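Colleague:
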Amino acid sequence: MQTRTIGIIMTIIGIIMLLYNSFNYVTTEKVVDIGPIQINKEVNHPLEWSPIVGIVLAVVGIVLIIRRNK
Numbered sequence: 002m003q004t005r006t007i008g009i010i011m012t013i014i015g016i017i018m019l020l021y022n023s024f025n026y027v028t029t030e031k032v033v034d035i036g037p038i039q040i041n042k043e044v045n046h047p048l049e050w051s052p053i054v055g056i057v058l059a060v061v062g063i064v065l066i067i068r069r070n071k
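Under my numbering, residues 2 to 71 are what the sequence shown spells out, in order.
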């Protein structure tokens with residue numbers, strides 16, 4: 002049962018990685034802090050990966066599901 006569960010999870014993650022190749026997260030950095038005056042800057046941090054990684058995860062997940070059924 003554990004191998005099949007891992008295979009299902011890997012397949013789902015692989016499909017999601019194929020659909021979404023990247024995402025951004027935003028952090029806030031303090032630029033100026035002079036007494037009551039504060040100036041903040043929002044910085045985007047993109048995270049990207051190759052679609053090949055998603056394909057490999059999906060295929061390995063499917064292989065684990067099929068192999069478990071045999």
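Glycine included, every Cβ here is placed at the ideal spot set by N, Cα and C.
Computed from a predicted structure; not experimentally measured.
1. In three-state DSSP terms, what is P52?
2. Just mark L65 as buried or exposed, buried being the case when its beta carbon has 16 or more other beta carbons within 10 Å.
3. Looking only at its own chain, which residues have a Cβ that is under 6 Å from the Cβ of I74, when we skip the five neighbours before and after it?
4. Where does the unbroken alpha helix (DSSP H) through G8 begin, and where does it stop?
5. For the ligand GTP, I want to know if E43 counts as a neighbour, meaning its beta carbon is within less than 7 Å of at least one of the ligand's heavy atoms.
6. Alpha carbon to alpha carbon, how far is G62 from F24?
Modeller: Answer, in terms of the structure:
1. helix
2. buried
3. Residue 74 lies beyond the stretch modelled for the chain, which goes from 2 to 71, so this question has no answer here.
4. Q3 to L20
5. Looking for the ligand GTP in the displayed structure turns up nothing, as the structure carries no ligands at all.
6. 23 Å
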